[in-house]
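Novice: Counted from 1, the sequence shown has number 18 at position 18 by our numbering; the numbering is strictly sequential.
Idealized CB from N, CA, C, for every residue including glycine.
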Amino acid sequence: MAPQYKSMKQVLPLFYRPGLLVGGTLEHDCSLQRSIGYFLEPLVLLAPFAKKPIKVTLRGNTNSSNDPSVDYYRVCVVPLLKRFLPDNNLHLKILTRGVSPGGGGEVEFSCPVVRRMRPVQMTDCGKVRRIRGVAYPPSTTTTATNFSPPT
Numbered sequence: 001m002a003p004q005y006k007s008m009k010q011v012l013p014l015f016y017r018p019g020l021l022v023g024g025t026l027e028h029d030c031s032l033q034r035s036i037g038y039f040l041e042p043l044v045l046l047a048p049f050a051k052k053p054i055k056v057t058l059r060g061n062t063n064s065s066n067d068p069s070v071d072y073y074r075v076c077v078v079p080l081l082k083r084f085l086p087d088n089n090l091h092l093k094i095l096t097r098g099v100s101p102g103g104g105g106e107v108e109f110s111c112p113v114v115r116r117m118r119p120v121q122m123t124d125c126g127k128v129r130r131i132r133g134v135a136y137p138p139s140t141t142t143t144a145t146n147f148s149p150p151t
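(1) What separation, rounded to the nearest whole angstrom, lies between the Cα atoms of P120 and P68?
(2) Quick one: measure Cβ to Cβ for F109 and L32, integer angstroms, because I've assumed they're closer than 8 Å.
(3) Applying the criterion that 16 or more other CB atoms from any shown protein chain within 10 Å of the CB defines a buried residue, is N66 buried or exposed?
(4) For a test of the three-state rule: what should DSSP assign to G60, helix, strand or coil?
(5) Only counting the same chain, and skipping five residues up and downstream in sequence, which positions put a Cβ closer than 6 Å to that of V22?
(6) Are C111 and P18 close, meaning C-beta to C-beta below 8 Å?
(7) Looking only at C-alpha atoms, which of T25, G104 and F84 sits nearest to M122?
(8) Count the other C-beta atoms from every protein chain shown that fall within 10 angstroms of the C-beta of N88, then say buried if there are 16 or more, exposed otherwise.
(9) Whole angstroms are fine: how far does the CA of V78 sit from the CA of S64?
(10) How many whole angstroms separate the CB atoms of P86 and V114, which I take to be in contact at a CB cut-off of 8 Å?
(11) Quick check: what's the CA-CA separation for V75 versus C125?
(12) Checking 8 Å against the spacing of the C-beta atoms, do T57 and I94 come in under that value?
(13) Less than 6 Å between C-beta atoms, sequence neighbours within five positions excluded: which residues of the same chain meet that for V107?
(14) Could you compute how far the alpha carbon of R130 sits from the alpha carbon of L20?
(15) Assuming G60 and G105 are in contact, meaning their beta carbons sit under 8 Å apart, how far apart are those beta carbons, in whole angstroms?
(16) Would you tell me roughly how many angstroms separate the C-alpha atoms of Y72 and R116, rounded to the nearest one?
Quick look at the structure:
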């Protein structure tokens with residue numbers, strides 16, 4: 001069943017009823033008005049329940065002041081989601097970074113299909129071991145960013 005939508009004349013609301021979540025390999029050029037994190041948010045929530053494993057390449061802005069950065073998803077969301085999923089084929093890879101107005105960033109997200117999520121109890125908040133930050137030059141590969149010349 002394909003997604004369906006309808007809009008009534010002279011009425012602003014749009015009613016959308018999604019069809020089956022198929023999955024597969026996809027590529028999407030994101031709008032440069034929003035960052036890739038804006039598009040990752042629903043994708044991360046829905047991807048585990050698709051018919052086939054999902055591998056998506058998103059292109060656009062990797063960082064924006066309005067949306068969560070792709071680093072937030074890589075460092076926080078994906079490790080948290082790995083606690084619920086039985087398979088380790090879940091990953092988010094930042095291929096290149098890009099910022100507004102030109103974009104140029106590229107992110108690869110893959111997620112396995114799950115039948116059931118594992119129950120997780122997180123009652124111990126733990127201790128803060130370290131605080132880190134991320135500095136990034138736009139429109140570069142992550143390997144070039146991680147390289148530091150010998151001193």
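Specialist: The short version:
(1) Taking the sequence shown and counting its residues from 1, one reaches residue 120 at position 120. Taking the sequence shown and counting its residues from 1, one reaches residue 68 at position 68. Residue identity differs from the one stated: residue 120 is Val in this sequence, not Pro. One C-alpha to the other measures close to 25 Å.
(2) Position 109 of the sequence shown, counted from the start, is the residue given in the question as residue 109. Position 32 of the sequence shown, counted from the start, is the residue given in the question as residue 32. That belief does not hold up - the Cβ atoms of F109 and L32 are roughly 19 Å apart, past 8 Å.
(3) As a working mapping, residue 66 is identified with position 66 in the sequence shown. Classified as exposed, N66 has fewer than 16 neighbouring CB atoms from the shown chains inside 10 Å of its CB.
(4) Within the sequence shown, residue 60 is the residue found at index 60, counting from 1. G60: strand per DSSP, three-state reduction.
(5) Indexing the sequence shown from 1 puts residue 22 at position 22. Counting only Cβ-Cβ distances below 6 Å, and skipping sequence neighbours, we find K51.
(6) In the sequence shown, the residue the question calls residue 111 occupies position 111. In the sequence shown, the residue the question calls residue 18 occupies position 18. Cβ distance not < 8 Å, so C111 and P18 don't count as in contact.
(7) Translated into the one-based positions of the sequence shown, residue 122 becomes position 122. M122 has its Cα closest to that of F84, out of T25, G104 and F84.
(8) Taking the sequence shown and counting its residues from 1, one reaches residue 88 at position 88. Exposed is the call here.
(9) Looking up residue 64 in the sequence shown gives position 64. Looking up residue 78 in the sequence shown gives position 78. Rounded to the nearest angstrom, the two C-alpha atoms are 19 Å apart.
(10) Here residue 86 is taken as the residue at index 86 of the sequence shown, counted from 1. Here residue 114 is taken as the residue at index 114 of the sequence shown, counted from 1. With 8 Å as the limit, P86 and V114 qualify as a contact, their Cβ atoms being about 7 Å apart.
(11) What you label residue 75 is simply residue 75 of the sequence shown in a count that begins at 1. What you label residue 125 is simply residue 125 of the sequence shown in a count that begins at 1. Whole-angstrom Cα-Cα distance: 17 Å.
(12) In the sequence shown, the residue the question calls residue 57 occupies position 57. In the sequence shown, the residue the question calls residue 94 occupies position 94. No; because the gap between Cβ atoms is not below 8 Å, this pair is not in contact.
(13) On the sequence shown, position 107 is the one that residue 107 refers to. Once the five neighbours on either side are set aside, the close Cβ partners of V107 are I36, L58, V70 and I94.
(14) Within the sequence shown, the letter at position 130 stands for residue 130. Within the sequence shown, the letter at position 20 stands for residue 20. Distance between the alpha carbons of R130 and L20 is about 42 Å.
(15) Position 60 of the sequence shown, counted from the first residue, corresponds to residue 60. Position 105 of the sequence shown, counted from the first residue, corresponds to residue 105. Confirmed, about 6 Å.
(16) Sequence index remark: in the sequence shown, residue 72 carries index 72 (1-based). Sequence index remark: in the sequence shown, residue 116 carries index 116 (1-based). Straight-line Cα distance between these residues: approximately 25 Å.
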